[in-house]
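Here the structure is laid out as structure tokens; the discussion comes afterwards.
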Amino acid sequence: MKGGIRTTGIPSKEELEASPGYPSAKALVTKPMVVIECVQDIPCNPCEAICPNGAIFVGHPITQLPVFYPERCDACGRCIPLCPGQAIFGVDMTYASDKAAVSFPYEFLPLPNKGDVVQGVNRAGEVVCDAKVLRVQRPKSFDHTAVITVAVPKDLAMEVRSMRRLPRA
Amino acid sequence: MRIEDHPILGKAEWGRKITLIVDGEPIEAFEGEPIAAALIAAGHRVFHYTTKRNEPRGVFCALGRCTDCVMTVDGQINVRTCVTPARDGMVVKTQIGLGQWEDLQVCGEKEE
Amino acid sequence: MGRTEIAVVGAGPAGLAAAIEAARAGAQVTLIDENERPGGQLFKQIHKFFGSEAHRAGTRGVQIGRDLLKEAQDAGVEIRLNTVVYGLFAHHCLGLVCGDHTEDLQAEIIILATGASENALAFPGWTLPGVMGAGAAQTLINIHRALPGYRVLMVGAGNVGLIVAYQLLQAGAEVVAVVESLPCIGGYGVHASKVRRAGVPILTAHTIVRAEGENGVERAVIAQVDENCQPISGTEQNLDVDTICLAVGLSPLAELAWMAGCQFTYIPTLGGWVPVHDQDMQTSLTGIYVTGDLTGIEEASTAMEEGRLAGLAAAETLGYLAPEEGERKKAQVRELLATLRIGSFGEGRAVAKGQIVKARCEA
Amino acid sequence: MKDDELICRCEEITQAEIKEAIKFGLKTMTEVKRFTRAGMGLCQGMTCGRLVMGILARETNQPLSEVKPCTSRPPVRPVPVSVLANRVTDDDQN
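These protein sequences, in sequence, are chains L, V, S and B. Once you know that position 98 of the first sequence is 98 in the numbering used here, the rest is easy, because the numbers rise by one and skip nothing. Once you know that position 107 of the second sequence is 107 in the numbering used here, the rest is easy, because the numbers rise by one and skip nothing. Once you know that position 271 of the third sequence is 271 in the numbering used here, the rest is easy, because the numbers rise by one and skip nothing. Once you know that position 6 of the fourth sequence is 6 in the numbering used here, the rest is easy, because the numbers rise by one and skip nothing.
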């Protein structure tokens, strides 16, 4: 098979859309929610345990792909820093008329500051847009994984998945 | 280079600052860290030259198994620097080939 | 000669878990490690682990290491650090190197948890300073906080290669590329995705052709490979790097098990020669148990469960656990182990592990 | 891998030397080690052992499952003789 996560490290559109953790375009426009980009049968289920609303189901065996129920998700984002694969993101299509807010886990230094304009990158690490930093969360419970929320053009909400690393001081 | 700050591990907590004499030059180290770590942090790459081909070798396994990082330390040859803790004033030399014993005191042969 | 009831060799995840279970059951346990710090490779695993809550998923390896150490101390395990086991002799006697002298230690049961060592890859220039094991780089950056280089080429896209590439970025180095000679990425896709998002290309069907430099690596030459893993001429590329990390697999570190006379079997999926063992992790020799990567290359999560299994079995053998209780506890651990060996990444290991036990029955 | 490539880093033995030795009829790792010194250096084959096993299997058309490592002997880590000779027993300690 050409393309796809096993050859490129990037989940393909087909892989993502076939995954039960990936909300439909229809659901996405209704409210903020998480997007689970977990496409391989790894034995792992912390996302299921931490969700206070039962919006994520893995079940048995724990290699099953997480099933996401958008209607139950209140976008609290607790699963984002916990996922050992950093495969969960937050997407808010309702953020503004022309912008969406995207949240992603980030484990590099230096961290950006709220209000900074950083470069949004896609799953291949390519810069696709400027992105204004809306929030940088790093409470103790996240165990050193920061969650950064940026505003991006709406049509890039399902493309931007991180930011270009900032140069070390 | 030292990694002072780290996104996961936080700010480094170094031990007591000490000095190693490496090929006659002082370099800064922290007490108890492996000699090899201090050398790598100081940008030192060649730890010994091989016996037959006189080729440079440096840290390869960093676990005390491969013996590529051996140097002459306080006169003792073939010291695996990746698992030997640094102590203040240690005299460390890039080992040439099999090296040469320099100070028999460390072998316990010197009579008091 | 010193004596103990259970001697555990190697204080990594498997050895620590074994020592904790056995000591909790009431046995006298001596845990021996050649390093200055216990924990094996756990303290350099700064990423969050996979698995379920029972496997401490979502917790970083370094924290699991701290937890296990505390548990071992609380359980009354005697931990002997800076102590090399240089030999395993008749009558369960271990030869120890402790600083300036040697000692003997005899144990009723010996649990070997000696782990694994990194495989090498020979190519022109592989002896230059700056070429090192991925584990070596990981030790330097995460334990000793010394950066071995600024521009790194990672060879191998299994989990070790991908994880260490990511951790090199976290430490402040640039990873110029990850090359993998196979047409597919061997490690978890999510690890590959993290590296890709950080801007690092993963070049499958590529290999390192040579390393060049005077007194250390100054550049690497990589090339595409054909179906037989041979470089295709004309596809060479020069990469400006000062460090080349090798992540081309691990082999069980089994010298002591060989020396003891344990029977072995060859299982490529598990890293080569592994000592055969039964459902309780006991080898072909009564009273000698094996656990962790020594019994086949897996991961820290499985190593901890296998360690627990060996620790429980050893305590049971010595009478510290009633047979029913022992069986019940062991069954729980086996179940936890089984859940880590399913799915496309685990099935092969489950089959291979079954072969080991089968080989033991036939031995 | 080219023939002039070093395989044993400690004793600086090339693939060519190992292949040449195998032509004399060597079939086991122990024979190759004694004949060529590959794996006889300071690290005792810790790094090159697996590479030599691969070459031996290929050159003798044996599956890898037929090639066992060299006999494992103490000490399994480099230990100064002065330390090995300084054996402390209970009698010394009491």
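In this text, a Cβ means the ideal position worked out from N, Cα and C, and glycines have one as well.
If you ignore the 5 residues before and after glycine 65 (chain S), its C-beta comes within less than 7 Å of the C-beta of Gly39, Leu42, Phe43, all in its own chain and listed in chain order. Each of S:Ser284, S:Leu140, S:Glu21 was checked against the Cα of isoleucine 35 (chain V), and the nearest Cα belongs to S:Leu140. Residue burial is scored here from C-beta neighbours: proline 46 (chain L) has at least 16 other C-beta atoms within 10 angstroms and is therefore classed as buried. Below the 8 Å Cβ cutoff, chain S contributes Asp100, His101, Thr102 as neighbours of asparagine 86 (chain B), in chain order.
Exposure of cysteine 184 (chain S) is indicated by the presence of fewer than 16 other C-beta atoms within 10 angstroms of its C-beta. Valine 160 (chain S) sits buried, since 16 or more C-beta atoms from the chains shown fall within 10 Å of its C-beta. A distance of 8 Å or more separates the beta carbons of serine 52 (chain S) and glycine 9 (chain L). The beta strand (DSSP E) runs of length 3 or more contained entirely in the stretch 67–127 of chain S are, from start to end of the chain, 78–80, 83–89, 93–98, 101–112, 116–118.
For proline 153 (chain L), the nearest beta carbon of chain S is not closer than 8 Å to its own beta carbon. CA-to-CA, the gap between leucine 134 (chain L) and proline 153 (chain L) works out to about 14 Å.
With a minimum length of 4 residues, the unbroken runs of alpha helix (DSSP H) contained wholly in the stretch 6–94 of chain V fall at 35–41. Taking a contact to require three or more Cβ pairs closer than 8 Å, the stretch 63–79 of chain S and the stretch 217–226 of chain S do not qualify as touching. The stretch 72–84 of chain B makes contact with the stretch 95–106 of chain S; the number of CB pairs closer than 8 Å reaches 3 or more. Identification of chain V residues near leucine 109 (chain L) by a Cβ-Cβ cut-off of 9 Å yields Asp5, His6, Pro7, ordered along the chain.
Under the three-state reduction of DSSP output, methionine 53 (chain B) falls in the helix class. Contact between the stretch 29–44 of chain L and the stretch 340–360 of chain S is present, with at least three C-beta pairs closer than 8 Å. For methionine 29 (chain B), no chain S residue has a Cβ inside 7 Å of its Cβ, as the nearest lies near 11 Å away.
Interface criterion met: the Cβ of proline 124 (chain S) is under 8 Å from a Cβ in chain B.
Look at phenylalanine 43 (chain S) here: in three-state DSSP terms it is helix. When the beta-carbon positions are compared, isoleucine 208 (chain S) and valine 164 (chain S) stay at least 8 Å from each other.
Collapsing the DSSP output to three states places cysteine 48 (chain B) in coil. Proximity of the stretch 141–154 of chain S to the stretch 81–89 of chain L falls short of the contact definition, fewer than three beta-carbon pairs being nearer than 8 Å. The continuous stretches of beta strand (DSSP E) do not include valine 29 (chain L), and DSSP gives it neither H nor E.
Within the stretch 58–78 of chain V, Phe60, Cys61, Gly64, Arg65, Cys66, Thr67, Asp68, Val70, Gln76, Asn78 place their CB atoms closer than 9 Å to a CB of chain B, listed in sequence order.
At a cut-off of 8 Å between beta-carbon atoms, lysine 93 (chain V) makes no contact with chain B. A Cβ-Cβ separation of about 14 Å leaves threonine 67 (chain V) out of contact with leucine 6 (chain B) under the 8 Å criterion. For glycine 135 (chain S), there is no enclosing beta strand (DSSP E); the residue is found in the alpha helix (DSSP H) stretching over 134–142.
The CB of arginine 80 (chain V) comes closer than 8 Å to the CB of Pro78 in chain B, given here in chain order. DSSP, read as helix, strand or coil, puts methionine 259 (chain S) in helix. C-alpha of alanine 350 (chain S) to C-alpha of glycine 59 (chain L): approximately 20 Å in a straight line.
The Cβ-Cβ distance between glutamate 4 (chain V) and isoleucine 18 (chain V) does not fall below 8 Å.
For the pair tyrosine 49 (chain V) and leucine 96 (chain S), the Cα-to-Cα distance works out to about 31 Å. For alanine 62 (chain V), same chain residues with a beta-carbon under 6 Å away, outside a window of 5 residues either side, are Cys82 in chain order.
Residue contact with chain B for glutamate 362 (chain S): absent (no Cβ-Cβ distance below 8 Å to any residue of chain B). With contact defined as three or more Cβ pairs closer than 8 Å, the stretch 326–334 of chain S and the stretch 252–263 of chain S are not in contact. For methionine 53 (chain B), the closest of B:Pro78, B:Ile18, B:Glu11, B:Cys10 by C-alpha to C-alpha distance is B:Ile18.
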